[in-house]
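Below is one structure, written out as structure tokens, with a few remarks after it.
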Amino acid sequence: MFVQGSWRLVDYLKKIASESQNSPSWSDFLEGRVWPDDPVLPEIDGRLQKENFAFIVGSQGTGKTAVARTVAYRLYEKGYEPTYWDFEHLGLDLPITPSDFWYGAVLYAQSVARKPLLILENVHLNARLFQTILSMQDVSLATPTAPMLLIATSRTPELNPGLSDRLRRVMVLLGTTDQNRGERFLNWWLEHILHLDAPARRQIREAVPWSRYMHDFWVLKLALQAFDVQSRSLPMWAIERMLADRLSPTINANPGIDDLLYLMSGLGRTGIATDLDAAARVLGKPIEDIRLLVEKSVKDGLISVDKAYQSCRFWHDSLAECYWDMFALERGRWAGAARKRFGILAP
Numbered sequence: 001m002f003v004q005g006s007w008r009l010v011d012y013l014k015k016i017a018s019e020s021q022n023s024p025s026w027s028d029f030l031e032g033r034v035w036p037d038d039p040v041l042p043e044i045d046g047r048l049q050k051e052n053f054a055f056i057v058g059s060q061g062t063g064k065t066a067v068a069r070t071v072a073y074r075l076y077e078k079g080y081e082p083t084y085w086d087f088e089h090l091g092l093d094l095p096i097t098p099s100d101f102w103y104g105a106v107l108y109a110q111s112v113a114r115k116p117l118l119i120l121e122n123v124h125l126n127a128r129l130f131q132t133i134l135s136m137q138d139v140s141l142a143t144p145t146a147p148m149l150l151i152a153t154s155r156t157p158e159l160n161p162g163l164s165d166r167l168r169r170v171m172v173l174l175g176t177t178d179q180n181r182g183e184r185f186l187n188w189w190l191e192h193i194l195h196l197d198a199p200a201r202r203q204i205r206e207a208v209p210w211s212r213y214m215h216d217f218w219v220l221k222l223a224l225q226a227f228d229v230q231s232r233s234l235p236m237w238a239i240e241r242m243l244a245d246r247l248s249p250t251i252n253a254n255p256g257i258d259d260l261l262y263l264m265s266g267l268g269r270t271g272i273a274t275d276l277d278a279a280a281r282v283l284g285k286p287i288e289d290i291r292l293l294v295e296k297s298v299k300d301g302l303i304s305v306d307k308a309y310q311s312c313r314f315w316h317d318s319l320a321e322c323y324w325d326m327f328a329l330e331r332g333r334w335a336g337a338a339r340k341r342f343g344i345l346a347p
């Protein structure tokens with residue numbers, strides 16, 4: 001972190017390596033473990049060369065984050081210094097003024113003899129602030145110094161009527177996760193993560209109806225993680241049971257954390273973050289206890305919390321949905337106190 005509230009992308013990805021099993025870390029990029037050959041990459045490169053700005057749009061699970069960070073990594077290799085903010089996981093507002101954020105990124109890049117690059121994720125959550133940042137880019141393009149390259153991701157192209165024409169020029173639409181992109185991800189995982197030869201990869205592609213998981217890259221990744229290589233099978237409820245096995249040590253060591261995660265998964269599957277004060281009231285616990293449970297969940301890589309420590313969420317809505325299904329499967333074992341407070345026996 002180089003200026004209060006701003007993140008170097010490199011430092012951020014190093015940090016999340018110890019916090020999340022589901023988000024690519026800097027070492028993943030360095031060691032080639034992030035899917036690198038998406039055909040939209042040349043399209044994004046073209047937008048950046050022509051407009052110094054690329055606007056990546058797609059619904060959840062289409063790979064926006066991996067694509068944006070892959071482009072950022074490649075630009076880092078070419079001498080750019082990426083500064084990062086995520087309006088979903090780091091906070092709905094910047095903790096400093098947009099101008100301080102912008103010029104802090106420029107000055108830091110110059111101080112390390114690199115060129116400035118700004119990565120903004122989930123800008124649909126604060127279109128007004130995004131528009132302010134775009135106005136700063138207009139000013140930077142008129143200056144003799146190296147202009148700021150800007151990469152933004154959004155779940156919707158409709159942000160602000162005044163931005164429509166400009167965003168349309170630089171938009172790269174991922175759309176829903178199509179069959180071809182899912183197939184490429186599946187093949188890449190089997191070859192580079194599981195290190196299987198061509199005959200083994202062919203057997204696995206034929207053994208499991210992978211198409212049912214290709215609507216969302218997060219779900220597909222969970223399916224691949226739950227896949228039993230030895231038996232060449234992906235049994236029913238394998239994803240939920242894998243998540244339960246991951247979660248069991250944390251729940252056993254932290255009474256009450258299952259109730260919090262149950263509440264979070266119910267909200268998160270609809271895209272709603274969990275407000276910590278509201279969670280304390282709903283679960284009938286002191287806010288200090290809720291904060292301790294959140295800290296433990298963050299440390300174990302289960303969730304993220306905004307920088308103001310006011311709200312928390314699973315790393316992705318798709319993960320919240322899978323954890324919600326897991327709690328349904330484990331309804332006789334976990335989150336009993338929360339269910340009683342809600343007056344239900346099952347999700």
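Residues 1 to 347, numbered by the working numbering, are exactly what the sequence shown covers, in order. Idealized CB from N, CA, C, for every residue including glycine.
Residue range 238-253 is occupied by the alpha helix (DSSP H) that includes Pro-249. Beta-bridge pairing by DSSP links Glu-158 to no other residue.
Pairing Val-294 with Val-172 gives a Cβ-Cβ distance that is not under 8 angstroms.
In the assembly as shown, Ala-198 is an exposed residue. Its beta-carbon has fewer than 16 other beta-carbons within 10 Å.
Taking C-alpha positions only, Gly-63 is separated from Lys-221 by approximately 11 angstroms. The C-beta distance from Ala-226 to Ala-238 rounds to 4 angstroms, short enough to meet the 8 angstroms contact threshold. One alpha carbon belongs to Pro-98, the other to Phe-327, and they sit about 41 angstroms apart. Taking the CA atoms as reference points, Lys-296 sits about 11 angstroms from Val-305. With a cutoff of 8 angstroms on beta-carbon distance, Arg-201 and Asn-187 are scored as near each other. In the structure shown, Leu-173 falls within a strand segment according to DSSP collapsed to helix, strand and coil.
Judged by DSSP in its simplified three-state form, Ser-59 adopts coil rather than helix or strand. DSSP places Ala-338 in the helix class (H, G or I) of the three-state scheme. With respect to the 8 angstroms criterion, Glu-240 and Asp-325 are classified as neighbours on the basis of their beta carbons. Note on geometry: alpha-carbon atoms of Pro-255 and Tyr-213 lie some 33 angstroms from one another.
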